[in-house]
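Here our numbering runs 403 ahead of the position in the sequence shown, where the first position is 1.
For every residue, glycine included, the Cβ atom is placed at its ideal position computed from N, Cα and C.
Since the model is a prediction, treat every value here as computed from it, not as a measurement.
Note sheet for the following structure.
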Amino acid sequence: MSKVAGVKGMSDLLPGGDVEAFQYLETRAREVLRRTGYGEVRTPVLEETALFVRGVGEGTDIVGKEMYTFEDKGGRSLSLRPEATASLVRAYIEHSISNQEPLTRWFCFGPMFRYERMKTGRYRQFYQLDVEAFGVKGPAQDAEVIEVALEILRAVDLKGVKLELNSIGDKECRPAYQQQLVSYFTGFKDQLCAECQARLERNPLRILDCKNEKCREIARGAPKLLDHLCQPCREHFAEVQRLLALVGVDFTINPWIVRGLDYYVRTAFELIADDPVLGTASAVGGGGRYDGLVQSLGGPDVPGVGFALGADRLKLLMQGRAFAQAPDLFVASVDDKSFDAAFALASKLRKDGLWVETDTRGGSLKSQMKRADKSGARFALVVGEREVAEQAGELKPLRGGEPRRVPFAELPVILRPSP
Ligand code: AMP
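Dropping the structure here:
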């Protein structure tokens, strides 16, 4: 029979390092989020396509080119979520959360789907930790979510990640700036890449973060939005910076950050890793403020600010760390007659909270001990008639050290895993 392969760009996460790295990241992130009052939300991976068209923006690459969209058996157009913010906003509106509380802090962790050109750190199914705060217009909320992002990175001991900050204005100051940008880039139209020529009409701000060398060179001479912010946007941005400095968060201003999504206003930020392992996919996270989004999706006029961290890229940055854990004990049987006793001892010790493995195939002691070595267990214990009679056995360290005889009853205490 021919084999069926997994879908390109979507990988299996297996035990032995991959899954453990994700679990570690999730656990540490949860601790940070809990301490700041964020509650976990789980939304479906499928939504009505219209949610993303309206929430992410028709002119974006995500909606225009990258969504997995299909018709279900009832003829509805559904899409696999390409990001989480729109889904969380939908849930926020659908459950009338704003009637229940003025300030809502939510997070979610899960797979996102984008039909992207693949390379290191860029996949078609990837995992994001998404953090959102609804209800606060003021800059303290921007500063809080940004600090949370950095605290999560600190909690998983990733040091070489830098915060880059920008303000992209709002509906008061952006349109006039956008006009200036269009006039500027129109002067260079022939030299822009094909995609940026299209962006000139659809989404001129996006030309600023095009990766094409020539476009970048031209963009360097473009007018900067930071020089054209209206007074309230300028004050907001200054406050965000002051509060970040107050809590010891370092950042640099990067006037070229625009974010790919239409609904951002004012604060926009990215977390950039300085590590060659990521190649050009150096952004490990990004976010910003989206004050008009809730309303544009049919909800009340509630502001929001949030970010997403890319778990796959963070995992790449943690490569080389040992995440996989190993059994506390491997129980082997001298021969077939002792199999039951070994099997029962393992069962009893698991109930006491230990991670205990056996070779359920039975077989020779030699092959069982091979399996014990392979399992990475800290200790092995061989059960035979004498051990059963004495209810004690030789505890053999598998990674160096002297064996010693111990009563079975003491094993849970001796082997208690370190917390
Ligand atoms: P975005 O939702 O595009 O702002 O992305 C937020 C973060 O998710 C990025 O900084 C990346 O770390 C991660 N990310 C986005 N797209 C991908 C992808 N295709 N594969 C892996 N990670 C991604």
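So, residue i versus residue j, is the Cβ gap smaller than 8 Å?
i    : j    : result
D533 : G803 : no
A546 : V643 : yes
R662 : G691 : yes
F588 : A625 : yes
V448 : V456 : no
L681 : G563 : no
L428 : L784 : no
S480 : T463 : no
A795 : P810 : yes
A676 : L647 : no
K617 : C596 : yes
D780 : L757 : It should be noted that the sequence gives Ala, not Asp, for residue 780. Not closer than 8 Å, so no.
A725 : G688 : no
I496 : E567 : no
C613 : A622 : yes
Q531 : A714 : yes
V559 : R431 : yes
R609 : R619 : no
V697 : V492 : yes
Y518 : R527 : yes
V759 : L752 : yes
V705 : G538 : yes
S778 : A729 : yes
L416 : V422 : yes
R808 : E797 : yes
K592 : Q581 : no
Applying the 10 Å Cβ sphere with the 16-neighbour rule, what's the burial state of residue i?
i    : result
K799 : buried
T655 : exposed
D522 : As written in the sequence, residue 522 is Lys, which differs from the Asp given in the question. So K522 ends up on the exposed side.
A670 : Correcting the residue identity first, residue 670 is Thr in this sequence and not Ala. Buried.
D762 : buried
P607 : buried
A552 : buried
E550 : buried
D731 : buried
H639 : buried
A536 : buried
L748 : buried
R819 : exposed
V585 : exposed
R577 : buried
Q544 : buried
A727 : exposed
S736 : buried
G541 : exposed
V650 : exposed
S405 : exposed
S482 : buried
Q722 : exposed
G458 : buried
V816 : exposed
Would you say the beta carbon of residue i is closer than 7 Å to some non-hydrogen atom of the ligand GDP?
i    : result
I675 : You won't find the ligand GDP in this model; what it holds is the ligand AMP.
field: Every unbroken alpha helix (DSSP H) within the segment 464-523, with a cutoff of 4 residues, ordered by chain
entry: With a minimum length of 4 residues, the unbroken runs of alpha helix (DSSP H) contained wholly in the segment 464-523 fall at 464-468, 488-497, 500-503.
query: Enumerated in chain order, which unbroken segments of the alpha helix (DSSP H) with a length of 4 residues or greater are wholly contained in the segment 681-734?
result: 696-699, 714-720
query: Among all residues, which have a Cβ less than 6 Å from at least one non-hydrogen atom of the ligand AMP, and in what chain order do they fall?
result: E486, R517, E519, G524, R525, Y526, F529, Q531, G663, A686, V687, G688, G689, A711, G713, D715, R716
message: Under 8 Å: do the segment 469-487 and the segment 501-519 share three or more Cβ pairs, one atom per stretch?
response: Flag = yes, the segment 469-487 and the segment 501-519 touch.
query: Are at least three pairs of beta-carbons, each pair with one atom in the segment 567-575 and one in the segment 737-746, less than 8 Å apart?
result: Contact between the segment 567-575 and the segment 737-746 is absent, because fewer than three Cβ pairs lie under 8 Å.
field: Segment contact, 8 Å Cβ cut-off, at least three pairs: the segment 434-442 with the segment 411-419
entry: no
- request: Return the chain-ordered ranges of every beta strand (DSSP E) run that is complete within the segment 611-644 and spans a minimum of 3 residues.
  value: none
field: Entirely enclosed beta strand (DSSP E) segments - the segment 544-583, minimum 3 residues
entry: DSSP assignment within the segment 544-583 yields the following whole beta strand (DSSP E) runs of 3 residues or more, N-terminal first: 564-570.
message: Quick check for students: name the residue ranges of the alpha helix (DSSP H) that lie wholly in the segment 421-449, counting only runs of 4 or more.
response: Qualifying alpha helix (DSSP H) stretches, in chain order: 421-438.
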